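Participant: Have a look at the structure that comes next, please.
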Amino acid sequence: MRTPRRGRERLTPGLLLLLLGFAGAAAWLTRHPEWRGLERAAEWPLVGPLAARFRAAYLPAPPAPPAPPDEPPRWVVVWEEVEPPGSQPSNRRPAPAEAMRLPAPEPLPAPLGESWARPGSGLRERPEATAEIHERLRDWALLAVLERRGEWVAVGRGGRRLWLEAAALSDPEERPFGSAPLPVGPGEPAAPAPERLAEARRLLGPAVREMPLGGYLLLTDLPAADLPPALGAAVAALEPAYRERTGLTPVGAAAGVIVLFASEAAYRTFQAGEERLAGLPVSGHAHGRLVALPAAAGADESAAVLTHELVHLLNQRAIGPALPPWLDEGLAEELAGSARDAAGRSDPGGYGGRLERDGRRWSATGGLAALFQAARVLEADPGPLLPALLEREWTAFVRGPDAPASYALSFLFVRFLLVGEEGALAPGFRAFLAAVAAGGPATPPALAAQLGREWPALEAALRAFVAAEAERELAARTAPARTGWRRLFHRQSAGPGPQRPHPAGEPSAAP
459 MRTPRRGRER
469 LTPGLLLLLL
479 GFAGAAAWLT
489 RHPEWRGLER
499 AAEWPLVGPL
509 AARFRAAYLP
519 APPAPPAPPD
529 EPPRWVVVWE
539 EVEPPGSQPS
549 NRRPAPAEAM
559 RLPAPEPLPA
569 PLGESWARPG
579 SGLRERPEAT
589 AEIHERLRDW
599 ALLAVLERRG
609 EWVAVGRGGR
619 RLWLEAAALS
629 DPEERPFGSA
639 PLPVGPGEPA
649 APAPERLAEA
659 RRLLGPAVRE
669 MPLGGYLLLT
679 DLPAADLPPA
689 LGAAVAALEP
699 AYRERTGLTP
709 VGAAAGVIVL
719 FASEAAYRTF
729 QAGEERLAGL
739 PVSGHAHGRL
749 VALPAAAGAD
759 ESAAVLTHEL
769 VHLLNQRAIG
779 PALPPWLDEG
789 LAEELAGSAR
799 DAAGRSDPGG
809 YGGRLERDGR
819 RWSATGGLAA
829 LFQAARVLEA
839 DPGPLLPALL
849 EREWTAFVRG
859 PDAPASYALS
869 FLFVRFLLVG
879 EEGALAPGFR
889 AFLAAVAAGG
899 PATPPALAAQ
909 LGREWPALEA
919 ALRAFVAAEA
929 ERELAARTAP
939 ARTGWRRLFH
949 RQSAGPGPQR
959 PHPAGEPSAA
969 P
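Take the working numbering: the final residue in the sequence shown is number 969, and no numbers are missing along the way.
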């Protein structure tokens with residue numbers, strides 16, 4: 459008969475070996491937290507939370523892209539004041555206006571189009587079979603095609619230029635599950651994915667608070683004293699302003715979740731979970747009925763960003779989800795860039811933002827600066843610009859080197875259609891929106907037919923409207939005498955407008 463003591467003596471080495479095995483496995487996992495087995499374990503009911511916390515502790519934090527703006531861009535334009543009348547002439551010319559998104563990463567070239575890449579495809583740094591694989595796709599991925607070179611294709615992924623074999627792209631008839639065309643017509647946006655809400659709550663941490671904001675649920679880690687009251691006013695005034703602008707009534711009721719991060723870094727981590735936004739310097743985004751943004755420097759800027767993102771939800775409820783980017787972004791920019799009164803109501807003909815002076819240096823922000831950017835582009839490029847702008851697909855619109863010009867021109871084109879020529883074009887524009895909501899095409903010919911105008915005449919009228927708006931706003935905001943905008947912005951410094959589309963394989967004229 460075996461005694462308890464001898465049993466313990468035999469059991470002790472086994473326990474030691476088992477503990478050493480566990481310690482070795484844990485040490486290995488700290489160096490390989492991306493192991494697929496650990497990823498699957500995070501989904502199990504009992505050990506899942508422990509595995510998820512382990513991965514979060516040892517996985518490297520995703521690189522945070524710079525925090526310039528986006529949707530809507532935090533526009534900034536800067537110029538030097540001209541010499542006052544009667545002063546000695548100076549050989550120094552006014553500094554060219556600098557319209558920029560601060561501080562933007564090096565842009566990728568304008569995409570040739572988009573293609574689906576199959577799961578398992580390897581993305582490499584160079585177009586060589588021996589090049590190290592930077593990433594292997596775990597699922598279907600819609601990638602922006604930047605260049606074709608023999609059997610290799612350059613694509614944009616996470617703000618980087620990577621290569622994969624052309625055979626990895628799907629055939630035109632081959633459609634991955636879930637990529638069918640979006641339904642036509644208005645409808646409720648999709649409910650937030652539970653895993654995205656869980657990730658938002660994790661990043662907000664124990665300080666997370668919940669409260670109603672209009673018809674939405676606000677999740678934030680901002681202290682109550684730091685929550686801008688302008689947010690509530692902007693949300694309350696938004697839907698009536700949208701109905702007034704478009705003539706459309708969104709289906710259903712305002713519903714969804716707004717996540718407001720106190721930390722820019724926490725928002726960037728959350729943004730990295732949205733594949734199509736990877737690497738974009740956005741200041742907020744909307745996906746289904748989930749809107750996320752970081753707290754901005756000022757209450758007005760936070761209200762503008764939130765307004766922009768909520769307009770995307772209103773567009774889906776009133777017109778439909780499959781809108782061309784000039785229309786989707788233009789409506790969002792027009793409402794977000796408008797001036798607001800103390801109650802948060804937008805002024806259909808005004809521009810938000812500030813005009814400030816520091817010595818002889820002037821700067822403008824917000825919708826006002828977008829107006830100057832559009833005026834600058836139109837003055838520098840004789841065009842035609844409208845056809846290229848209205849035909850741009852989403853990836854080229856938001857990732858192309860002329861994205862700032864695309865946003866500004868879309869804003870001013872929508873504003874022109876609503877209030878230009880004393881509102882003469884507004885009925886045709888609203889008829890176009892109603893036709894698109896009913897399933898009609900959202901194409902340039904359909905818009906021109908509703909407006910009853912040819913494109914050359916329409917663009918000429920847009921140019922005159924933008925120039926007059928820039929002059930009026932400068933005069934109204936105490937700009938110095940004889941400081942017309944044409945004297946501030948120089949033709950050679952204005953930068954490109956939207957480039958005309960090129961067939962696949964044809965080189966782009968974009969710098």
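Using N, Cα and C, we set each Cβ at its ideal position, and we do this for glycine too.
This structure is a prediction, so every number in the text was calculated from the model and none was measured.
Are three or more beta carbon pairs between the segment 859-879 and the segment 826-840 nearer than 8 Å?
Facilitator: A contact exists between the segment 859-879 and the segment 826-840.
Participant: If I measure Cβ to Cβ from Ser579 and keep anything under 6 Å in the same chain, skipping five residues before and after, which residues do I get?
Facilitator: Answer for Ser579: Leu595, Leu622 and Ala626, listed in chain order.
Participant: Could you pull out every unbroken alpha helix (DSSP H) segment of at least 4 residues lying fully inside the segment 833-906, listed in chain order?
Facilitator: Counting whole runs of 4 or more residues, the segment 833-906 contains the alpha helix (DSSP H) stretches 844-848, 852-857, 861-881 and 884-895.
Participant: Can a CB atom of chain B be found closer than 8 Å to the CB of Ala928?
Facilitator: Of the protein chains in the structure, only one exists, and it is not chain B.
Participant: Between the alpha carbons of Thr707 and Tyr700, how many angstroms are there, rounded?
Facilitator: Between Thr707 and Tyr700, the C-alpha separation is close to 8 Å.
Participant: Taking Leu685 as the reference, which of Gly495, Ala720 and Arg660 has the closest Cα?
Facilitator: Of Gly495, Ala720 and Arg660, the residue nearest in Cα terms is Ala720.
Participant: Under a Cβ-count criterion, where at least 16 other Cβ atoms within 10 Å of its own Cβ denotes burial, should Val715 be classed as buried or exposed?
Facilitator: Buried.
Participant: CB Glu767 to CB Leu781, shorter than 8 Å?
Facilitator: No, these two residues do not count as a Cβ contact at 8 Å.
Participant: Assign Ala555 to one of three DSSP states: helix, strand, or coil.
Facilitator: The predicted position of Ala555 is uncertain, since its pLDDT is 38 and thus under 50; no value can be drawn from it.
Participant: Taking 8 Å as the cut-off, does the segment 787-800 touch the segment 756-773 (at least 3 CB pairs, one atom from each stretch)?
Facilitator: Enough Cβ pairs lie closer than 8 Å, so yes.
Participant: Mind checking Gly878: buried by the 16 CB within 10 Å criterion, or exposed?
Facilitator: Buried: at least 16 other Cβ atoms inside 10 Å.
Participant: Could you say which of Ala757, Ala587 and Pro681 lies nearest to Ala688 if we only look at CA atoms?
Facilitator: Per the Cα distances, Ala757.
Participant: Between the C-alpha atoms of Ala692 and Leu676, what's the straight-line distance to the nearest angstrom?
Facilitator: Spanning the two alpha carbons is a distance of roughly 14 Å.
Participant: Applying the 10 Å Cβ sphere with the 16-neighbour rule, what's the burial state of Thr488?
Facilitator: That one is exposed.
Participant: So who's on the other strand from Ala575, going by DSSP bridges?
Facilitator: Bridge partners of Ala575: Ala599 and Leu627.
Participant: May I have the straight-line CA-CA distance separating Thr470 from Arg660, to the nearest angstrom?
Facilitator: When rounded, the distance between both Cα atoms is 41 Å.
Participant: Between the Cα of Pro664 and the Cα atoms of Arg618, Glu849 and Leu680, which residue gives the shortest distance?
Facilitator: Closest by alpha carbon: Leu680.
Participant: Just to confirm, are Ala776 and Ala895 a CB contact at a threshold of 8 Å?
Facilitator: Yes, Cβ-Cβ distance for Ala776 and Ala895 is below 8 Å.
Participant: How many angstroms separate the CA atom of Arg818 from the CA atom of Arg935?
Facilitator: Roughly 16 Å between the two C-alpha positions.
Participant: By alpha-carbon positions, which one of Val763, Arg584 and Ala744 ends up nearest to Glu732?
Facilitator: The option with the nearest alpha carbon to Glu732 is Ala744.
Participant: Near Thr901, which residues of its chain fall below 7 Å by C-beta distance, leaving aside the five closest residues on each side in sequence?
Facilitator: Nothing listed; no residue qualifies.
Participant: Can Glu572 and Ala602 be called in contact, C-beta distance under 8 Å?
Facilitator: Yes. Within cutoff.
Participant: If you draw a straight line from the alpha carbon of Leu477 to that of Thr588, how long is it in whole angstroms?
Facilitator: Rounded to the nearest angstrom, the two C-alpha atoms are 41 Å apart.
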